[in-house]
Amino acid sequence: MSRFEGQVAIITGGALGIGGATARKLASEGASVFIADINDEAAAANVERIREAGGTAASSHVDVSVSEDIARMVNEAVDLYGRLDILVQNAFGVIDGVSIIQGTALTVEEDGWDYGIDVLLKALYLGAKHAIPHMRAGGGGNIVNLASVHSFLQEPGMLVYEAGKAGVVGMTRQMATDFGPDGIRVNAIAPGHIVGEGLAKMWEKNPSGHEFFADQYPLRRTGTPDDIANGITFLCSADASFITGHTLAIDGGLTVQLQEMFGARQAEYIRAHPDTIIPGAAADRDSV
Ligand code: NAD
4 MSRFEGQVAI
14 ITGGALGIGG
24 ATARKLASEG
34 ASVFIADIND
44 EAAAANVERI
54 REAGGTAASS
64 HVDVSVSEDI
74 ARMVNEAVDL
84 YGRLDILVQN
94 AFGVIDGVSI
104 IQGTALTVEE
114 DGWDYGIDVL
124 LKALYLGAKH
134 AIPHMRAGGG
144 GNIVNLASVH
154 SFLQEPGMLV
164 YEAGKAGVVG
174 MTRQMATDFG
184 PDGIRVNAIA
194 PGHIVGEGLA
204 KMWEKNPSGH
214 EFFADQYPLR
224 RTGTPDDIAN
234 GITFLCSADA
244 SFITGHTLAI
254 DGGLTVQLQE
264 MFGARQAEYI
274 RAHPDTIIPG
284 AAADRDSV
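Plus 3 on top of the position in the sequence shown (first one is 1) and you've got my numbering.
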């Protein structure tokens, strides 16, 4: 199937994880892909993998926290392939081995806030700013922004990430409104816990922890990068031609649960504390 034959796609953070799988999926369906990533080695390996499978791919060293890099990314892709149809704004990561997402309003430092919001939000505005003129010139296009279940559900001590990912949802709706008349659809995906290469290494050391964690999901598993790549390619495809401004949760049902989202944890708690009543917990379900 070649749903994207003749189309050009930029994927930020397209070396590994969700972005890596998305680059492979789009290429396998005919798109020429441009991987923009800070991890040169992993980006080159993904390009090689795509080419070996018969696809068209190239990569460039791009740090989405750097404004000039984003402008150059779009120019390089258009110079190379001659047009731009799809922009997947996915890049996000850690800096100096420390997650920038941790902390409350009391503990997050101003430079951590600035870096986090630059990567999570400003980069997406800049990517759109540089990409949209080329999409307009080509008669339309698709932007998919990576939101998160953290756009809707708060975990303690995650101020920057939660604020940034909530902002992604609002920005997606705004851009859909502004550029719908140009034939440009703008959507977002809100993944649940997705185990890419990095998280797989973490869970390998703690398989029972992974099992316990997966049990919090109605589908009783965590997600794969392919689960998200499938959603992104759907939103970019003609099958989604009347969908814009939408944030699609791909989360195994995590966000449709009420208090039961932590049902398994609560059930364990109840076993240890039999006199406790927690609304919505597994022990209460039978009586509802
Ligand atoms: P990942 O760490 O597996 O891959 C991220 C990729 O982005 C890597 O190739 C990395 O090198 C690149 N990258 C990081 N910082 C960059 C920068 N400043 N400039 C350019 N490239 C950069 O991450 P993932 O788990 O695949 O997550 C991808 C996106 O999905 C992120 O926006 C993340 O917030 C979102 N998301 C992930 C999950 C999850 O559970 N994995 C859940 C919800 C949302």
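All C-beta atoms in this analysis are idealised placements derived from N, C-alpha and C, irrespective of residue type, glycine included. Note that the coordinates shown come from a computational prediction; the quantities given were computed from them, not determined experimentally.
Discussion item. Given this structure, state the Cα-to-Cα distance separating Ser-62 from Ala-45, to the nearest angstrom.
Written reply: 10 Å
Practice prompt. State yes or no: is the C-beta of Ile-53 nearer than 7 Å to some heavy atom of ligand 1?
Written response: no
Practice prompt. Flag Ser-68 as yes when its Cβ comes closer than 7 Å to any non-hydrogen atom of ligand 1, and as no otherwise.
Written response: yes
Worksheet item: Around the C-beta of Gly-142, are 16 or more other C-beta atoms found within 10 angstroms, so that it is buried, or is it exposed?
Response: exposed
Worksheet entry | Endpoints, the alpha helix (DSSP H) within which Asp-82 is located | That run of the alpha helix (DSSP H) goes 70–84.
Item to complete: Please find out if some non-hydrogen atom of ligand 1 comes closer than 7 Å to the beta-carbon of Glu-158.
Response: no
Practice prompt. Determine, using beta carbons only, whether Ile-38 and Ala-56 come nearer to each other than 8 Å.
Written response: no
Practice prompt. Tell me whether the beta-carbon of Ala-2 lies closer than 8 Å to the beta-carbon of Asp-40.
Written response: Since the first and last residues shown for the chain are 4 and 291, residue 2 lies out of range.
Item to complete: Go ahead and pull the three-state DSSP assignment for Gln-262.
Response: Reliability fails at Gln-262, whose pLDDT of 49 lies under 50, so the model's placement of it is uncertain and the value that follows must be treated cautiously. If DSSP states are grouped into helix, strand and coil, Gln-262 belongs with the helices.
Discussion item. By the three-class DSSP mapping on this structure, what secondary structure does Asp-181 have?
Written reply: It is helical.
Practice prompt. Work out the CA separation of Asp-88 and His-137 for me, nearest whole Å.
Written response: 8 Å
Fill in: Delimiting residues of the alpha helix (DSSP H) encompassing Ile-235
228–239
Practice prompt. For Gly-199, verify whether its CB is less than 7 Å away from any heavy atom of ligand 1.
Written response: yes
Fill in: Alpha-carbon to alpha-carbon, Gln-92 and Val-77
12 Å
Worksheet item: For Ser-211, which residues of its own chain have a beta-carbon under 8 Å away from its beta-carbon, when the five flanking residues on both sides are left out?
Response: none
Worksheet item: What residues are listed by DSSP as bridge partners for Asn-148?
Response: Gln-92, Ala-191
Worksheet item: In chain order, what residues of the same chain have a beta carbon less than 7 Å from the beta carbon of Ile-151, not counting five sequence neighbours either side?
Response: Looking at the sequence shown, residue 151 is not Ile but Ser. Only Lys-168, Ala-193, Pro-194 meet the Cβ criterion.
Item to complete: Determine the contact status of His-64 and Asp-43, defining contact as a CB-CB distance below 8 Å.
Response: Note that the C-beta distance between His-64 and Asp-43 is below 8 Å.
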